[in-house]
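Comments concern the structure below.
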Amino acid sequence: MATKSNIEWTEMTWNPVTGCTKISQGCKHCYAERMAKRLTAMGSDRYRNGFEVTLHPDLVDVPRGWRQPRVVFVNSMSDLFHDDIPLAYIQRVFATMRDCPHHTFQVLTKRSERLAEFAAYLPWPKNVWMGGQRGGRTCHAPRRRSTSHTRCGAISLARTPHRAAGQSNA
Ligand code: SF4
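With my numbering applied, the sequence shown covers 108 to 277.
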């Protein structure tokens, strides 16, 4: 399932994973957490675990069915490089993005170190815009050599971390 977004720098959200844990000061007012709690209270099955990291394998291939090109914010309700998400699952998400070159995928993470660790094991097609953030500071251009081939998205993408995903919930 994907949701049309009101975020100005994206069109859709796609959440093959939901839930996260706070890792920095920038997480203090995490909108995704508040939204997840609200959806749990509303009885949404996707949020039956609240804000705990939850994989949704049935959603991994969803973008393959979108015929019209879309700009997609990936995991607005989580962090794709969270420790609880196995590399094999992240690879499946990236495979979908690679196989859908007509879409643009925006990925944000506050876990730049795990991104650096896995970067060599992931495909990096041009339609994937990667934004990293360390601590409370925005990183527009990954500095580690292992992530030098990643492509940061628009400045507004990197400036508005997951909090900004508030308008989306799936
Ligand atoms: S979703 Fe983003 S802002 Fe929220 S806890 Fe996770 S890393 Fe922090």
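Ideal placement from N, C-alpha and C gives every residue a C-beta, glycine not left out.
Nothing here was measured: the structure is a model prediction, and the numbers come from that model.
- Task: Note down, in chain order, each residue of its chain lying with its Cβ closer than 6 Å to the Cβ of Met184, except the 5 sequence neighbours on either side.
- Result: Reading the sequence shown from its first residue, position 77 is the one you call residue 184. Within the same chain, Met184 has close Cβ partners Asn122, Thr125, Ala139.
- Does any heavy atom of ligand 1 sit closer than 7 Å to the C-beta of Ile197? For the purposes of this step, residue 197 is identified with residue 90 of the sequence shown, where counting begins at 1. No, the beta carbon of Ile197 sits no closer than 7 Å to any heavy atom of ligand 1.
- Task: Only counting runs of 4 or more residues, tell me where the alpha helix (DSSP H) segments fall wholly within the region 164 to 211, in order along the chain.
- Result: 194 to 205
- Assigned secondary structure, Gly238 (DSSP; H/G/I helix, E/B strand, else coil): What you label residue 238 is simply residue 131 of the sequence shown in a count that begins at 1. Correct three-state label for Gly238: strand.
- Does any heavy atom of ligand 3 sit closer than 7 Å to the C-beta of Asp190? By its list of ligands, the structure shown excludes ligand 3, since it contains just ligand 1.
- Item | Beta-ladder partner(s) of Lys144, from DSSP | Locating residue 144 in the sequence shown gives position 37, where the first residue counts as 1. Paired residue(s): none; Lys144 is not in a bridge.
- If we ignore side chains and look at the alpha-carbon of each, how far apart do Cys127 and Asp186 end up? The residue you call residue 127 lines up with position 20 of the sequence shown. The residue you call residue 186 lines up with position 79 of the sequence shown. The alpha-carbon atoms of Cys127 and Asp186 are separated by roughly 6 Å.
- Item | Rounded C-alpha distance that separates Thr267 from Ala143 | Counted from its first residue, the sequence shown places residue 267 at position 160. Counted from its first residue, the sequence shown places residue 143 at position 36. Legend: pLDDT at Thr267 = 36, less than 50; position of this residue unreliable, no value from coordinates given.
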